[in-house]
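A short worksheet on the structure shown next.
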Amino acid sequence: GGLFSKGSHPPARKFNAGQKILFWLVLLGGASISITGIALMFPFEYSMFEGTFAFLHLFGLGLPTDLSPMQEMQYSQLWHAIMSLFLIVVVIGHIYIGTVGMQGAFDAMGTGKVDRNWAKEHHPLWLEEEEKAAAPGDD
Numbered sequence: 090g091g092l093f094s095k096g097s098h099p100p101a102r103k104f105n106a107g108q109k110i111l112f113w114l115v116l117l118g119g120a121s122i123s124i125t126g127i128a129l130m131f132p133f134e135y136s137m138f139e140g141t142f143a144f145l146h147l148f149g150l151g152l153p154t155d156l157s158p159m160q161e162m163q164y165s166q167l168w169h170a171i172m173s174l175f176l177i178v179v180v181i182g183h184i185y186i187g188t189v190g191m192q193g194a195f196d197a198m199g200t201g202k203v204d205r206n207w208a209k210e211h212h213p214l215w216l217e218e219e220e221k222a223a224a225p226g227d228d
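This is the structure we're talking about:
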């Protein structure tokens with residue numbers, strides 16, 4: 090998306106690759122945090138890491154497959170904390186890019202409008218669709 094090379098953005102419609110990646114990170118990370126949060130609320134009811142470790146054991150990872158309820162809780166707490174910190178970093182990065190990291194992004198957020206040059210640089214396919222929709226029909 091232009092992060093690793095200056096001045097080159099792959100063509101995008103309304104949502105670019107970064108926005109789509111952010112969506113999936115928040116969706117999957119939030120689901121993971123929710124699941125471990127439920128396991129932490131009901132400590133001796135769920136044993137999800139034992140099953141997960143048994144599955145990963147098929148791929149040669151030497152993870153323990155016979156976990157006590159206390160070990161399950163410890164793994165739940167660890168995973169919950171790691172995913173929470175990861176999502177905090179992702180959201181702070183998103184806030185940075187949406188405010189000062191990308192010229193014109195803050196104004197676009199505030200007004201809901203972007204100029205043609207910004208749209209052409211960041212969302213060229215979407216701009217083409219909008220221009221076709223605004224042009225009088227040649228039927």
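So the mapping is simple: our numbering equals the position in the sequence shown, first residue as 1, plus 89.
Ideal Cβ placement from N, Cα and C applies to all residues, glycine included.
Along the chain, where does the alpha helix (DSSP H) containing residue i start, and where does it finish?
| i | result |
| --- | --- |
| F206 | Here residue 206 is Asn; the residue named in the question, Phe, does not match the sequence. Segment R205 to H211, the alpha helix (DSSP H) holding N206. |
| S123 | A106 to M130 |
| L145 | M137 to H146 |
Since residue i contacts residue j with CB under 8 Å, what's their CB separation in whole angstroms?
| i | j | result |
| --- | --- | --- |
| V179 | L116 | With a Cβ gap of about 12 Å, V179 and L116 do not count as contacting. |
| L111 | H183 | 6 Å |
| S165 | T125 | 5 Å |
| W207 | G193 | 5 Å |
| G118 | M172 | 5 Å |
Distance check for residue j and residue i, CA to CA, integer angstroms please.
| i | j | result |
| --- | --- | --- |
| K209 | K103 | 11 Å |
| D155 | F148 | 17 Å |
| L174 | P225 | 51 Å |
| P153 | M159 | 14 Å |
| N105 | W215 | 10 Å |
| I186 | T200 | 17 Å |
| A222 | T141 | 50 Å |
| Q163 | S123 | 16 Å |
| D204 | D196 | 10 Å |
| I177 | H146 | 30 Å |
Would you say residue i and residue j are within 8 Å of each other, going by their C-beta atoms?
| i | j | result |
| --- | --- | --- |
| M137 | A128 | yes |
Counting only C-beta atoms, is residue i closer than 8 Å to chain B at any point?
| i | result |
| --- | --- |
| F175 | Protein chain content of the structure displayed is limited to a single chain, and chain B is not contained in it. |
Fill in: Those runs of the alpha helix (DSSP H) which lie wholly inside the stretch 154 to 199 and span at least 4 residues
Here the runs fully enclosed are 158 to 185.
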